[in-house]
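Asker:
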Amino acid sequence: MRRETDILIVGGGINGAGVARDAAGRGLDVTLLEQADLAGATSSASSKLIHGGLRYLENYEFRLVRESLMERERLWKIAPHIITPLRFILPHHKGLRPAFILRLGLFLYDHIGGRKLLPPTRQLDLRSGAAGEPLADSFKQGFEYSDCWVDDARLVVLNAMSAAEMGADILTGHTFLGAKRKNGRWLASVKTEQSVIEEISARILVNAAGPWVDKTLNACDVGQQNMGSVRLVKGSHIVVPRLYAHNRAYTFQNSDGRVIFSIPYEGDYTLIGTTDTPFEEDPRTAEADDREVEYLCNAASEYFKKPIVPNDVTWSYSGVRPLYDDGAESASKATRDYVLELNAPDTPENAAPLLSIYGGKVTTYRRLAEEVLEKLEPYTGEERGPWTENAPLPGGDLPGRELPQKAHTDFISGLQKQVSWLPEMTCARLAASYGTRVQILLGNATCLEDMGQHFGAGLYEREVEYLRQHEWAKSADDILWRRSKLGLHMTSGERAALTKWLNDYPSP
Numbered sequence: 005m006r007r008e009t010d011i012l013i014v015g016g017g018i019n020g021a022g023v024a025r026d027a028a029g030r031g032l033d034v035t036l037l038e039q040a041d042l043a044g045a046t047s048s049a050s051s052k053l054i055h056g057g058l059r060y061l062e063n064y065e066f067r068l069v070r071e072s073l074m075e076r077e078r079l080w081k082i083a084p085h086i087i088t089p090l091r092f093i094l095p096h097h098k099g100l101r102p103a104f105i106l107r108l109g110l111f112l113y114d115h116i117g118g119r120k121l122l123p124p125t126r127q128l129d130l131r132s133g134a135a136g137e138p139l140a141d142s143f144k145q146g147f148e149y150s151d152c153w154v155d156d157a158r159l160v161v162l163n164a165m166s167a168a169e170m171g172a173d174i175l176t177g178h179t180f181l182g183a184k185r186k187n188g189r190w191l192a193s194v195k196t197e198q199s200v201i202e203e204i205s206a207r208i209l210v211n212a213a214g215p216w217v218d219k220t221l222n223a224c225d226v227g228q229q230n231m232g233s234v235r236l237v238k239g240s241h242i243v244v245p246r247l248y249a250h251n252r253a254y255t256f257q258n259s260d261g262r263v264i265f266s267i268p269y270e271g272d273y274t275l276i277g278t279t280d281t282p283f284e285e286d287p288r289t290a291e292a293d294d295r296e297v298e299y300l301c302n303a304a305s306e307y308f309k310k311p312i313v314p315n316d317v318t319w320s321y322s323g324v325r326p327l328y329d330d331g332a333e334s335a336s337k338a339t340r341d342y343v344l345e346l347n348a349p350d351t352p353e354n355a356a357p358l359l360s361i362y363g364g365k366v367t368t369y370r371r372l373a374e375e376v377l378e379k380l381e382p383y384t385g386e387e388r389g390p391w392t393e394n395a396p397l398p399g400g401d402l403p404g405r406e407l408p409q410k411a412h413t414d415f416i417s418g419l420q421k422q423v424s425w426l427p428e429m430t431c432a433r434l435a436a437s438y439g440t441r442v443q444i445l446l447g448n449a450t451c452l453e454d455m456g457q458h459f460g461a462g463l464y465e466r467e468v469e470y471l472r473q474h475e476w477a478k479s480a481d482d483i484l485w486r487r488s489k490l491g492l493h494m495t496s497g498e499r500a501a502l503t504k505w506l507n508d509y510p511s512p
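Residue numbers for the sequence shown follow the working numbering, so the first one is 5 and each next one is one higher.
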């Protein structure tokens, strides 16, 4: 089978999904290819933050920090169900950065990004109060500042859903094999889930393949082999039982110049990360090795009263970041900014352009997508300009979302009253995951029996079917570790029962 499209996007991570949404909303015919599941690699393995990148100030990446800080509240407003504010405590470590440097950096952080809704930085006395309670007695002074938490994999899926609702074809389980220019278009070869080879003809090719960006570029007929512009860096995280009672996060400075976070996670846990390790293997094989686990445990133990040891680790995950290779001496110093490289003949009317995306952060995906469309404007012929800044993502159209925190709280409270038969924790999770789309999920259910089989941890058959029908979920991993993190709360037997059910009742 052969199909035609305006823009063919390779990669179903946050950048690919964001470009698909923006392009589809401008009236372009869009096809997105993802070799596995949406957010199946790097985009589900982040630190789950919408943040400016406080430490990037040290590398003088002021443009990136400013753009990230400006995007922070924009994204919060368009997805107030999956993005929530989070206060970070930064203890002053006497042997590292001086307090005045931290104060200056946080002053810039507060003022260069147009902060309006998030509370400002304040100084803390860690010798009293909940903030200092879990910390070692040597930490007496600190600072508290604002950023936001996000369900990263759901952010990807919501962008893909929005794109699909505007006509985009989202093809998961489709592997891009290569493409050649022919008669002013790209002719791409694609392998489907059934191992059938198909052809797709496209005017424009967007390479958003993340850690596979160079591999994808080399599979395209661009006249010369790419010499490699990507620097692969593995970032690992560990999850341990909850370390403290309050709901704030910590930013810890390390003697090697790196920074790690300790973040409340899934109610019962604490997330600690991340590492920066050069990586040259297949990104699909990335996992937290013993050395990284020990590094994260030791780094956090330097701050907490109670040491953390590898045996405390309940779960870990790793992602490979495709940073632009700017020649920095270490992985931690490499730029986190994105770079867009356009390959096209001189004549736009017969160009068949190829645009490759290097780097990027979850926080800047929306602006990155705008810049991709700006760069491609001579070749698209579209007339509609940027539109995503204030357009809510699916489920994000909460009443009063201009004040997103209040809108989020009010929505959960209202839903709990509406479906009082649903356990309170399950109701809150559904509201925070699906926003206003929870009504589609619940349908005509009026009691727990209407929700179908219970698989454990508040996951019911009705939610599983919703995820299969509306969010491209196919496997238990798709559901338990990307569309949700319910795998953390379920027994191995419960997880196996879901896998068996999915096998017994395949999606039509």
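The beta-carbon is built from N, C-alpha and C at its ideal position, and this holds for glycine as well.
Owing to the predicted nature of the structure, the values given are computational and were not obtained by experimental measurement.
Nearest to Glu4 by CA position, among Trp319, Val226 and Trp216, is which residue?
Answerer: Because residue 4 is not part of the residues shown, which for the chain are 5 to 512, the question remains open.
Asker: Does the separation of the CB atoms of Gly515 and Thr46 fall below 7 angstroms?
Answerer: The requested residue 515 does not occur in the structure, where the chain is confined to residues 5 to 512.
Asker: Taking a contact to mean a Cβ-Cβ separation below 7 angstroms, would you say Glu169 touches Leu492 in this structure?
Answerer: For Glu169 and Leu492, no; Cβs fall outside 7 angstroms.
Asker: Can you tell which of Phe92, His250, Ile116 and His97 has its C-alpha closest to the C-alpha of Arg67?
Answerer: When each option's Cα is compared against that of Arg67, the closest is Ile116.
Asker: If you reduce the DSSP assignment to three classes, tell me which class Trp391 lands in.
Answerer: Coil, per DSSP.
Asker: What are the start and end residues of the beta strand (DSSP E) that includes Gln145?
Answerer: Start and end: Gln145 to Val154.
Asker: Using only alpha-carbon positions, find the residue among Arg433, His250 and Leu37 that is nearest to Gly176.
Answerer: Checking the sequence shown, residue 176 turns out to be Thr, not Gly. With distances taken between Cα atoms, Thr176 lies closest to Leu37.
Asker: So, with DSSP's three-state summary, where would you put Asp129?
Answerer: If DSSP states are grouped into helix, strand and coil, Asp129 belongs with the strands.
Asker: Distance, Cα to Cα, Phe459 vs Asn507?
Answerer: Distance between the alpha carbons of Phe459 and Asn507: 14 angstroms.
Asker: Between which two residues does the alpha helix (DSSP H) containing Leu110 stretch?
Answerer: Element bounds for Leu110: Ala103 to His115.
Asker: Please report the Cβ distance between Ala83 and Leu162, rounded to the nearest whole angstrom; I am assuming they are in contact, meaning their Cβ atoms lie under 8 angstroms.
Answerer: Right, their Cβ atoms sit about 7 angstroms apart.
Asker: Pull the bridge partners of Ser360 from the DSSP assignment, please.
Answerer: Note: Ser360 sits in a beta bridge opposite Asn211 and Glu345.
Asker: How many angstroms separate the CA atom of Asp401 from the CA atom of Val194?
Answerer: Roughly 36 angstroms separates the two Cα atoms.
Asker: For Ile93 versus Arg252, is the C-beta spacing smaller than 7 angstroms?
Answerer: Their beta carbons are under 7 angstroms apart, which means Ile93 touches Arg252 by this criterion.
Asker: Judging by CA-CA distance, which residue of Trp505, Met494, Asp454 and Gly456 is the nearest neighbour of Ser479?
Answerer: Residue Trp505 is the option with its Cα nearest to Ser479.
Asker: Span of the alpha helix (DSSP H) holding Phe308?
Answerer: Neither: Phe308 is in no alpha helix (DSSP H) and is coded neither H nor E.
Asker: At the level of alpha carbons, what is the spacing between Asn394 and Lys410?
Answerer: So the two alpha carbons sit approximately 18 angstroms from each other.
Asker: Report the three-state DSSP secondary structure of Glu203 (helix, strand or coil).
Answerer: Looking at Glu203 - three-state DSSP - the assignment turns out to be strand.
Asker: Taking Cβ positions, are Ala183 and Arg486 nearer each other than 7 angstroms?
Answerer: For Ala183 and Arg486, no; Cβs fall outside 7 angstroms.
Asker: Taking only three categories from DSSP, how would you classify Phe4?
Answerer: Any question about residue 4 goes unanswered here, given that the chain covers just 5 to 512.
Asker: Identify which residue in Thr450, Leu446, Thr430 and Trp476 has its Cα closest to the Cα of Leu463.
Answerer: The shortest C-alpha separation from Leu463 is found at Thr430.
Asker: Does the ligand ATP have a heavy atom nearer than 6 angstroms to the CB of Tyr254?
Answerer: Among the ligands in the structure shown, none appear at all, so the ligand ATP cannot be discussed.
Asker: Report the option in Phe256, Ser305, Asp286 and Thr220 whose CA atom is closest to the CA atom of Val244.
Answerer: Of the candidates Phe256, Ser305, Asp286 and Thr220, the one whose C-alpha sits nearest the C-alpha of Val244 is Ser305.
Asker: Taking only the alpha-carbon atoms, compute the straight-line gap between Ala435 and Pro396 and give it to the nearest angstrom.
Answerer: About 16 angstroms.
Asker: Just how far apart, CA to CA, sit Asn315 and Gln198?
Answerer: Those two C-alpha atoms are separated by around 41 angstroms.
Asker: Compare the Cα-Cα distances from Ser51 to each of Pro382, Ile267 and Leu452 and report the closest residue.
Answerer: Among Pro382, Ile267 and Leu452, the Cα nearest to that of Ser51 is on Ile267.
Asker: What's the call for Lys289, buried or exposed, on a 16-neighbour Cβ count within 10 Å?
Answerer: Sequence inspection shows Thr at residue 289; the Lys mentioned does not correspond to that position. It counts as exposed.
Asker: Give the straight-line distance between the Cα atoms of Ser259 and Gly99, rounded to the nearest whole angstrom.
Answerer: One C-alpha to the other measures close to 8 angstroms.
Asker: Taking only runs of the beta strand (DSSP E) that begin and end inside the segment 431-507, which ones reach a length of at least 3 residues, in chain order?
Answerer: The segment 431-507 contains these whole beta strand (DSSP E) runs: 458-460.
Asker: Assign Gln257 to buried or exposed, taking buried as 16 or more other Cβ atoms, counted over all protein chains shown, within 10 Å of its Cβ.
Answerer: By the neighbour-count rule (16 or more Cβ atoms within 10 Å), Gln257 is buried.
Asker: Would you please state the rounded distance, in angstroms, between the beta carbons of Arg466 and Ser511? I believe it to be under 8 angstroms.
Answerer: Not a contact, Cβ separation roughly 14 angstroms.
Asker: Among residues of its own chain, excluding the 5 on either side of Leu236, which ones have a beta-carbon nearer than 6 angstroms to its beta-carbon?
Answerer: Excluding sequence neighbours, Leu236 sits near Pro215, Phe283 and Val324.
Asker: State the DSSP-derived secondary structure class of Lys421, mapped to helix, strand or coil.
Answerer: In the structure shown, Lys421 sits in a helix (DSSP, three-state: H, G or I).
Asker: Just to confirm the assignment, what range does the beta strand (DSSP E) spanning Lys535 have?
Answerer: There is simply no residue 535 to check, as the chain begins at 5 and stops at 512 in what is shown.
Asker: Per DSSP, Gln257 forms a beta bridge with which residues?
Answerer: Per DSSP, Val263.
Asker: Look at the alpha carbon of Asp26 and the alpha carbon of Leu446, and state the distance between them as a whole number of angstroms.
Answerer: Going from the Cα of Asp26 to the Cα of Leu446 covers about 29 angstroms.
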